[in-house]
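Trainee: Its first residue numbered 550, the sequence shown is counted upward by one per residue in our numbering.
Just dropping this structure here.
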Amino acid sequence: MGSDYVSIQHNLWSRITSHLHCYLWIAPFFIFFLIFELYPNLFGLYISFTQWDGFSPKIYVGLDNYKAIMIDPLFWKTLSNTFILWVFIIPLRTLLALVLASLVNFGVSKAKNFFSFFFLLPNITAIVVIAIIFRIFFATDGGIFNAVLHNIFGMDAIPWLQSEQWSKVSIALMNIWRVTGYFAIIMLAGLQQIPKNLYEAASIDGANPVRAFFSITVPMMSNVIFFVMVMSTIWIFQNIADSLVLTNGGPQFSSTTLMYYMYLNGFEYFKLGYASAISTCLFIILLVFSLIMFYVNNRAVK
Numbered sequence: 550m551g552s553d554y555v556s557i558q559h560n561l562w563s564r565i566t567s568h569l570h571c572y573l574w575i576a577p578f579f580i581f582f583l584i585f586e587l588y589p590n591l592f593g594l595y596i597s598f599t600q601w602d603g604f605s606p607k608i609y610v611g612l613d614n615y616k617a618i619m620i621d622p623l624f625w626k627t628l629s630n631t632f633i634l635w636v637f638i639i640p641l642r643t644l645l646a647l648v649l650a651s652l653v654n655f656g657v658s659k660a661k662n663f664f665s666f667f668f669l670l671p672n673i674t675a676i677v678v679i680a681i682i683f684r685i686f687f688a689t690d691g692g693i694f695n696a697v698l699h700n701i702f703g704m705d706a707i708p709w710l711q712s713e714q715w716s717k718v719s720i721a722l723m724n725i726w727r728v729t730g731y732f733a734i735i736m737l738a739g740l741q742q743i744p745k746n747l748y749e750a751a752s753i754d755g756a757n758p759v760r761a762f763f764s765i766t767v768p769m770m771s772n773v774i775f776f777v778m779v780m781s782t783i784w785i786f787q788n789i790a791d792s793l794v795l796t797n798g799g800p801q802f803s804s805t806t807l808m809y810y811m812y813l814n815g816f817e818y819f820k821l822g823y824a825s826a827i828s829t830c831l832f833i834i835l836l837v838f839s840l841i842m843f844y845v846n847n848r849a850v851k
């Protein structure tokens with residue numbers, strides 16, 4: 550009995566040492582994960598049950614932060630703002646990315662690299678620079694958008710950044726312009742995996758480009774489209790920069806997202822326990838959204 554145990558232990562140790570180089574290769578990733586991912590998340594969950602300003606000793610308050618969230622009107626307002634942005638951005642950005650990728654995919658092959666770089670340019674440009682440009686575009690007096698709308702449609706000036714309704718539209722438009730190119734690159738990679746003979750057969754059968762787009766491209770790209778929608782959802786709910794630099798969350802918190810509200814509580818109001826509780830709620834919301842999207846996608850595929 551004892552010899553069997555020793556033999557098993559020896560075999561286990563031999564198996565570990567024989568793959569030691571593999572463990573050494575993946576060790577940096579695990580160290581990075583433990584220090585910068587697992588520990589901060591667990592620590593954030595812990596301080597969500599405390600009252601802490603980052604300097605004084607932590608005071609354990611149990612579920613008080615979560616109870617306060619449930620009756621906090623700003624929490625629900627910022628969650629509503631985030632959801633409105635999600636409803637506005639997701640379909641437009643996904644469709645626009647797919648259309649742009651399709652135009653490039655069926656265009657001149659030598660121009661694909663140029664357009665790929667052009668698509669990525671807004672995504673790699675500093676958000677502050679983009680915000681300055683869009684502030685000029687959205688200016689009530691003398692702004693490019695208002696000038697175009699007035700000259701073509703005769704519309705009165707729109708207070709893009711001063712109105713509670715239009716401030717959300719301003720953020721959504723800037724976000725769509727800034728990020729669509731990145732997802733167009735992902736779409737383009739998916740489109741290049743679709744066999745060309747499918748489009749040739751559709752053309753022989755008399756299908757026009759629009760019919761081929763909805764009958765071949767969209768069904769064949771369903772998994773890529775789903776991936777883009779999930780990633781877009783995560784990015785929208787985790788977005789701080791657009792609200793911060795373009796509208797500063799105003800007016801009257803009308804363009805403040807849930808993530809930005811968490812930032813305000815943590816780094817301006819120094820309510821780190823409350824901010825961590827908001828972060829935990831955001832994680833749960835994203836998890837529920839992702840599970841619902843996975844469920845809907847699996848049902849659609851079946």
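Built from N, CA and C at the ideal position, the CB exists for glycine as well.
With distances taken from CA atoms, which of Ile596, Ser764, Pro622 is nearest Val610?
Mentor: Here the closest residue by C-alpha is Ile596.
Trainee: Hey, is the region 768-780 in contact with the region 676-683, meaning 3+ C-beta pairs nearer than 8 angstroms?
Mentor: The region 768-780, when compared against the region 676-683, does not touch it at the 8 angstroms Cβ threshold.
Trainee: Asp705 to Phe686, Cα distance in whole Å?
Mentor: Going from the Cα of Asp705 to the Cα of Phe686 covers about 15 angstroms.
Trainee: Any contact between the region 601-618 and the region 688-699? By contact I mean 3 or more CB pairs, one from each, below 8 angstroms.
Mentor: Contact fails: fewer than three Cβ-Cβ distances are below 8 angstroms.
Trainee: Can you check which of these residues, Ala751, Lys717, Arg760, Val767, is closest to Leu737 by C-alpha distance?
Mentor: Measuring from the Cα of Leu737, the nearest candidate turns out to be Val767.
Trainee: With distances taken Cα to Cα, identify the nearest neighbour of Asn772 among Ile682, Trp726, Phe843.
Mentor: Selected option, being the one with the closest Cα: Phe843.
Trainee: Taking all protein chains shown into account, decide if Ser853 is buried (16 or more other Cβ within 10 angstroms of its Cβ) or exposed.
Mentor: There is no way to answer for residue 853, as the model of the chain reaches only from 550 to 851.
Trainee: Could you check whether the region 584-602 touches the region 816-826, counting it as contact only if at least three pairs of C-beta atoms, one from each stretch, sit closer than 8 angstroms?
Mentor: With a cut-off of 8 angstroms, the region 816-826 and the region 584-602 count as touching, because enough Cβ pairs lie within range.
Trainee: Tyr609 by DSSP, collapsed to three states: which one?
Mentor: If DSSP states are grouped into helix, strand and coil, Tyr609 belongs with the strands.
Trainee: Could you check if Ile679 belongs to the surroundings of the ligand GDP, using beta carbon to heavy atom distance under 7 angstroms?
Mentor: Ligands displayed in this structure: none; no statement on the ligand GDP is therefore possible.
Trainee: Identify, in the order they occur along the chain, each residue of the same chain with its Cβ nearer than 8 angstroms to the Cβ of Leu836, setting aside the five sequence neighbours on each side.
Mentor: Nothing listed; no residue qualifies.
Trainee: Would you kindly work out how many angstroms separate the C-alpha atoms of Leu793 and Thr729, rounded to a whole number?
Mentor: About 20 angstroms.
Trainee: Any idea what DSSP makes of Thr806, helix, strand or coil?
Mentor: Coil.
Trainee: Considering just the uninterrupted stretch of the alpha helix (DSSP H) at Met770, what are its terminal residues?
Mentor: Premise fails: Met770 is in no alpha helix (DSSP H) and is neither H nor E.
Trainee: So what does DSSP say about Thr599, is it helix, strand or coil?
Mentor: Thr599: strand per DSSP, three-state reduction.
Trainee: Looking at the structure shown, is Met780 part of a helix, part of a strand, or coil, going by DSSP?
Mentor: In the structure shown, Met780 sits in a helix (DSSP, three-state: H, G or I).
Trainee: Only counting the same chain, and skipping five residues up and downstream in sequence, which positions put a Cβ closer than 7 angstroms to that of Asn654?
Mentor: Within the same chain, Asn654 has close Cβ partners Leu737, Leu740, Gln741.
Trainee: What residue range is occupied by the uninterrupted alpha helix (DSSP H) comprising Lys820?
Mentor: Segment: none, Lys820 is in no alpha helix (DSSP H) and carries neither H nor E.
Trainee: I need the straight-line Cα distance from Gly593 to Ser825, nearest angstrom please.
Mentor: Going from the Cα of Gly593 to the Cα of Ser825 covers about 6 angstroms.
Trainee: Could you spell out the range, first to last residue, of the alpha helix (DSSP H) harbouring Leu587?
Mentor: From DSSP, Leu587 is part of no alpha helix (DSSP H); its letter is neither H nor E.
Trainee: Hey, Leu722 and Phe786: beta-carbon distance below 8 angstroms or not?
Mentor: Result no, Cβ atoms of Leu722 and Phe786 do not sit closer than 8 angstroms.
Trainee: Could you have a look at Trp625 and say whether DSSP puts it in helix, strand or coil?
Mentor: Three-state DSSP puts Trp625 in a helix.
Trainee: In terms of residue numbering, what span does the alpha helix (DSSP H) encompassing Glu749 cover?
Mentor: Residues 745-753.
Trainee: Any idea if Arg848 is buried or exposed, counting beta-carbon neighbours within 10 angstroms, 16 or more meaning buried?
Mentor: Exposed, by the Cβ-count rule.
Trainee: Excluding the 5 residues preceding and the 5 following Gln801 in the sequence, name in chain order all residues of the same chain whose CB lies nearer than 7 angstroms to its CB.
Mentor: Hits under 7 angstroms: Glu713.
Trainee: Report all residues from its chain with a CB closer than 7 angstroms to the CB of Tyr812; omit the five preceding and five following residues, and keep chain order.
Mentor: Excluding residues within five positions, the ones whose Cβ falls inside 7 angstroms are Ile789.
Trainee: Which of helix, strand or coil does DSSP assign to Phe687?
Mentor: Three-state result, Phe687: coil.
Trainee: Buried or exposed: which applies to Lys616, given that a residue is buried once 16 or more other Cβ atoms fall within 10 Å of its Cβ?
Mentor: So Lys616 counts as exposed.
Trainee: Skipping 5 residues on each side, what residues in its chain have a beta carbon closer than 8 angstroms to that of Ser719?
Mentor: Result list for Ser719: Phe683, Phe687, Trp709, Leu710, Leu795, Thr796, Ser804, in chain order.
Trainee: Could you check what DSSP says for Phe832 in three-state terms: helix, strand or coil?
Mentor: The answer is helix: DSSP assigns Phe832 an H, G or I state.
Trainee: For Leu652 versus Tyr731, is the C-beta spacing smaller than 8 angstroms?
Mentor: Contact flag unset, no.
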